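Asks: Numbers 1 to 344, taken from UniProt numbering, label the letters of the sequence shown in order. Built from N, CA and C at the ideal position, the CB exists for glycine as well. Since we're looking at a predicted model, the values are computed, not measured. Before anything else, here's the structure in question.
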Amino acid sequence: MPITSDITLNVSNFSLDSVADDTKKTNAFIEGITIKGPRWHEIGAPKYRQMRETGETPLPLPVYLPEAKDSAVPSRDTGRSVPIRVYTPDNGKPSKGIFLHIHGGGFVLATHRHQDRTLQRYANECQLTAISVGYRLAPEDPWPAAIHDCFDAAEYLVDHGVADYGARLLFVSGESAGACLSALTAFHLLRARPNHRLAGLIFPFGQFDLTLNLPKASLFERPLIINREELQKFGDAYTPGMSIEGRRNPLISPLYDDMETLARVAPENSLPPALFLCGTEDPLLDDTLLMSLKWMISGSEAVVKIYPGVPHAFTVFPGFKPGEEAIAVALQFAKEKLDARTVL
């Protein structure tokens, strides 16, 4: 009997032959606008954030929906609160759960108001209350400010979600740096609210290791939204003066947390089911591969979708087929996890 591998992959998705012509053209376009700039660390984060609002950066101009409502939840810090943005199903029917979103942007850029269209889709198509967290950004507020805000928001929704929104917190999701914060938030809830079971986690093109020692991140120089230099600048702003060893802190890089022990003491003896989405032309590809593998090793469910030749942040470009497909997969994942809870 031939030897079989204990780990299998659909390796065709990693092949250059699998990269669609449209993806190559999109990458060339994104690379061109990335090279033209501006670069946030040259003009300053505040100025770059302003330029994002007027469409002067490589990312699409934000779209704001009038039905989204701004609110806030309490902070652990006296005299301040954590801003949130709330999206409810437009059919007026009761919500089936809360979908907590933590935005990306390298811990430095973007806001909780930049994902209106996508989060309204979760609300409408999954019958969820989507809530986006406006956590504090570096370099003005370096680590641990962001995780404190995310933890505070998540704890509040666990404790008061039913009273305030008529639903329990069921999902946590975030892209890029937001995936890092989402994983940290999920792990925090396992420790701080051990009896609360999340239905699922969604991690598009996540960063889970801020040491930048993984091969893809350390070698990726192509100016395609982000590369090693950009990741280094983001990391320096978020964790200023911190050594590589310091960045292995599991409260900074969730890849280094003890997921097997967490799973053993968690409800149902596993981490929440997680969906990982990433393109092969992304410096954070190894983050997704290793994090999802550790998830599986813990005895927990991990669904991994790899998109050939696709760059970082590929879901934010309207009309880009791989991005539309990934959003559809994420919506289906949320629906399936909701259905599984209904059956139980």
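So the beta strand (DSSP E) P83 belongs to, where does it begin and stop?
Replies: If you number the sequence shown from 1, residue 83 lands on position 83. Taken as a continuous stretch (DSSP letters only), the beta strand (DSSP E) holding P83 covers 81-87.
Asks: At a cut of 8 Å, does the stretch 124-136 reach the stretch 36-49 through at least three beta carbon pairs?
Replies: no
Asks: Using CA atoms only, rank isn't needed, just tell me which of P194, T211, I306 is closest to N269.
Replies: As a first step, residue 269 must be located in the sequence shown, where it is residue number 269. Checked all of P194, T211, I306; the closest Cα to N269 is P194.
Asks: Within the chosen definition, does the stretch 171-181 reach the stretch 240-249 through at least 3 CB pairs nearer than 8 Å?
Replies: No, the stretch 171-181 is not in contact with the stretch 240-249.
Asks: Between P267 and L212, what straight-line distance do the alpha-carbon atoms span, to the nearest angstrom?
Replies: In the sequence shown, counting from the first residue as 1, residue 267 sits at position 267. In the sequence shown, counting from the first residue as 1, residue 212 sits at position 212. Near 32 Å, if we compare the C-alpha coordinates of L212 and P267.
Asks: Compute the distance between the beta-carbons of T88 and A145, then report whether it is under 8 Å.
Replies: As a position in the sequence shown, residue 88 is number 88, starting the count at 1. As a position in the sequence shown, residue 145 is number 145, starting the count at 1. Not a contact, by the Cβ cut-off of 8 Å.
Asks: Rank G235, A217, D236 by C-alpha distance to the C-alpha of N227 and give the top, closest one.
Replies: If you number the sequence shown from 1, residue 227 lands on position 227. Checking every option, the nearest Cα to that of N227 belongs to A217.
Asks: Look at the Cβ atom of residue 374, then the Cβ atom of H114, and state whether they are nearer than 8 Å.
Replies: Absent from the model: residue 374. The displayed extent of the chain is 1 to 344, so no value can be given.
Asks: DSSP state of I7, grouped into three classes?
Replies: Working through the sequence shown from its first residue, we reach residue 7 at position 7. Note: I7 maps to coil in three-state DSSP.
Asks: Specify whether the stretch 200-209 and the stretch 308-318 touch according to this definition: at least 3 beta carbon pairs, one from each stretch, less than 8 Å apart.
Replies: With a cut-off of 8 Å, the stretch 308-318 and the stretch 200-209 count as touching, because enough Cβ pairs lie within range.
Asks: I need the straight-line Cα distance from L16 to I98, nearest angstrom please.
Replies: Residue mapping note: residue 16 aligns to position 16 of the sequence shown, counting from 1. Residue mapping note: residue 98 aligns to position 98 of the sequence shown, counting from 1. So the alpha carbons of these two residues sit roughly 39 Å apart.
Asks: May I have the straight-line CA-CA distance separating G92 from K69, to the nearest angstrom?
Replies: What you label residue 92 is simply residue 92 of the sequence shown in a count that begins at 1. What you label residue 69 is simply residue 69 of the sequence shown in a count that begins at 1. Each residue's alpha carbon lies about 15 Å from the other.
Asks: Would you decide whether G235 is buried or exposed? Buried here means 16 or more other CB atoms lie within 10 Å of its CB.
Replies: Sequence index remark: in the sequence shown, residue 235 carries index 235 (1-based). Answer is buried; the Cβ neighbour count reaches 16.
Asks: What did DSSP end up calling V73 once you bin it into helix, strand or coil?
Replies: Counting from one through the sequence shown, the residue named residue 73 turns up at place 73. It is a strand residue.
Asks: Within 10 Å of its beta-carbon, does P254 have 16 or more other beta-carbons around it, so buried, or fewer, so exposed?
Replies: Along the sequence shown, read from residue 1 onward, the residue named residue 254 stands at position 254. Under this definition P254 is a buried residue.
Asks: Which runs of the beta strand (DSSP E) spanning at least 3 residues fall entirely within the stretch 289-330, listed in chain order?
Replies: For the stretch 289-330, the continuous beta strand (DSSP E) assignments of 3+ residues that do not extend past its boundaries occur at 302-311, in sequence order.
Asks: Going by the beta-carbon positions, is the gap between D22 and K321 smaller than 8 Å?
Replies: Position 22 of the sequence shown holds residue 22. Position 321 of the sequence shown holds residue 321. Closer than 8 Å, so yes.
Asks: If you measure between the beta carbons of residue 354 and V108, is that distance less than 8 Å?
Replies: Nothing in the structure corresponds to residue 354, since the chain is present only between 1 and 344.
Asks: Within 10 angstroms of its Cβ, does V172 collect 16 or more other Cβ (buried), or is it exposed?
Replies: On the sequence shown, residue 172 is found 172 positions in, with the first residue counted as 1. With 16 or more other Cβ atoms inside 10 Å of its own Cβ, V172 counts as buried.
Asks: How would you label D286, buried or exposed, when you count the other beta carbons within 10 angstroms and need 16 or more for buried?
Replies: Here residue 286 corresponds to residue number 286 of the sequence shown, with the count starting at 1. Counting other Cβ atoms within 10 Å of its Cβ, D286 reaches 16 or more and is therefore classed as buried.
Asks: Can you tell me the Cα-Cα spacing of L338 and G55, whole angstroms?
Replies: Here residue 338 refers to the residue found at position 338 when the sequence shown is read from its first residue. Here residue 55 refers to the residue found at position 55 when the sequence shown is read from its first residue. Looking at the two C-alpha atoms, the distance is approximately 36 Å.
Asks: Is the Cβ-Cβ distance between L224 and E31 less than 8 Å?
Replies: Against the sequence shown, residue 224 aligns to sequence position 224. Against the sequence shown, residue 31 aligns to sequence position 31. Yes, the pair counts as a contact, with Cβ atoms nearer than the cut-off.
Asks: With 16 other CB atoms within 10 Å as the buried threshold, where does D282 fall?
Replies: As a working note, residue 282 is residue 282 in the sequence shown. D282 is buried by the Cβ-count criterion.
Asks: Closer than 6 Å by C-beta to P259: which residues in its own chain qualify, once you throw out the five before and the five after it? Chain order, please.
Replies: Stepping through the sequence shown from its first residue, residue 259 is reached at position 259. The identity of residue 259 in the sequence shown is Met, whereas the question assumes Pro. Contacts found: K294, S298.
Asks: Is V63 closer than 8 Å to P156 when the C-beta atoms are compared?
Replies: Counting from one through the sequence shown, the residue named residue 156 turns up at place 156. Counting from one through the sequence shown, the residue named residue 63 turns up at place 63. The sequence shown places Tyr at residue 156, not Pro. No; because the gap between Cβ atoms is not below 8 Å, this pair is not in contact.
Asks: Please classify S95: is it buried, with 16 or more other beta-carbons within 10 angstroms of its beta-carbon, or exposed?
Replies: By one-based count along the sequence shown, residue 95 stands at place 95. Buried, since its Cβ has 16 or more Cβ neighbours within 10 Å.
Asks: For T261, is the classification buried or exposed, using 16 other Cβ atoms within 10 angstroms of its Cβ as the cut-off for buried?
Replies: Counting from 1 along the sequence shown, the entry for residue 261 is found at position 261. Burial call: exposed.
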